[in-house]
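Each residue of the sequence shown is one higher than the one before, counting from 22 in this note's numbering. Don't be surprised by glycine CBs; every beta carbon is placed ideally from N, CA and C. Nothing here was measured: the structure is a model prediction, and the numbers come from that model. Have a look at the structure below, then the notes.
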Amino acid sequence: MSNETAVLRTEAGPANADGADTPASYGTPTVNVQLKMLDDGLEAPSYAHPGDAGADLRAREDVHLAPGERKLVPTGVSIALPNGFVALIHPRSGLATKHGLTVVNAPGTVDAGYRGEIAVTLLNTDTTQPIELKRGDRIAQMVIQRVEYAQFVNVDQLSDSIRGTGGFGSTGGFTTPQA
22 MSNETAVLRT EAGPANADGA DTPASYGTPT VNVQLKMLDD GLEAPSYAHP
72 GDAGADLRAR EDVHLAPGER KLVPTGVSIA LPNGFVALIH PRSGLATKHG
122 LTVVNAPGTV DAGYRGEIAV TLLNTDTTQP IELKRGDRIA QMVIQRVEYA
172 QFVNVDQLSD SIRGTGGFGS TGGFTTPQA
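Written out as structure tokens, the structure reads:
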């Protein structure tokens, strides 16, 4: 599908003849996202299971990450989101738990106006073990969401709230053992 444009749909549809769910049966129709695959050899973003929020993105190249190293990894995918939507790039929980692999700016933001290749800044948080990723490995999840746009209104005084100006740690929840 190199240099072709496809439409990625998240719409309800029939199951396979054997009764198994198909990607089209994963959820209610929400949005059409134009998808351009930049690499013939990679799978398009897809949802692994019915009800999954994130579509898997894959590495376009082999990657070696030493302990503490970060690297920008291309995915071979570009998209055209309609205005009012954003693609958020999240780490994959299994890779984070088992190998300490995370997305540095999680969630990464792909704005509706961006048409370039989606790349993911990966970080190996393990202090001793390198991580080896192969071309085609699933490296991150892409979640498509609606965006609310704010009208910012200048005021001299903000309205009161119960929390007020209490910030980091103001609600407690963690106690340090006393020696």
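Say yes only if the C-beta of residue i is nearer than 7 Å to one or more non-hydrogen atoms of the ligand ADP, and no if none qualify.
i   : result
L78 : Among the components modelled here there is no ligand, and therefore nothing to report on the ligand ADP.
Just verifying my parser: in three-state terms, what is the DSSP assignment at residue i?
i    : result
I120 : Sequence inspection shows His at residue 120; the Ile mentioned does not correspond to that position. The answer is helix: DSSP assigns H120 an H, G or I state.
G129 : strand
D42  : With a pLDDT of 47 at D42, under the threshold of 50, the predicted position of this residue should be treated as unreliable, though the coordinate-derived value follows. D42 falls in the coil class under three-state DSSP.
R184 : coil
G193 : coil
I110 : strand
Relative to the C-alpha of residue i, which residue among the options is closest?
i    : options                   : result
L143 : G134, A87 and P71         : A87
L63  : G157, A171 and F189       : G157
G105 : S180, L122, Q166 and T146 : Q166
R91  : N126, M58, D181 and V174  : N126
V168 : A76, M58 and A133         : A133
L122 : Y135, S99, G97 and T149   : T149
A80  : D60, Y135 and K119        : D60
T96  : P112, Y68, M58 and D73    : M58
H70  : Q162, F189 and G187       : Q162
H120 : Y170, G89 and N53         : G89
Just curious, the beta strand (DSSP E) that residue i is in, first and last residue?
i   : result
D60 : Taken as a continuous stretch (DSSP letters only), D60 belongs to no beta strand (DSSP E), as it is neither H nor E.
T51 : Taken as a continuous stretch (DSSP letters only), T51 belongs to no beta strand (DSSP E), as it is neither H nor E.
Short check: CB of residue i to CB of residue j, under 8 Å?
i    : j    : result
S141 : L78  : According to the sequence displayed, residue 141 carries Val and not Ser. Yes, these two residues count as a Cβ contact at 8 Å.
A108 : L102 : yes
V94  : I110 : no
I139 : V98  : yes
V84  : L154 : yes
A76  : P66  : yes
Mind checking if residue i is an interface residue toward chain B, Cβ cutoff 8 Å exclusive?
i    : result
A171 : The structure shown contains no chain B, having only a single protein chain.
Inset, instruction - Ignoring anything shorter than 3 residues or poking outside the stretch 66-107, list the beta strand (DSSP E) runs there in chain order. - result: 76-79, 84-86, 91-95 and 98-101
Fully enclosed by the stretch 125-177, which alpha helix (DSSP H) runs are 4 residues long or longer? none
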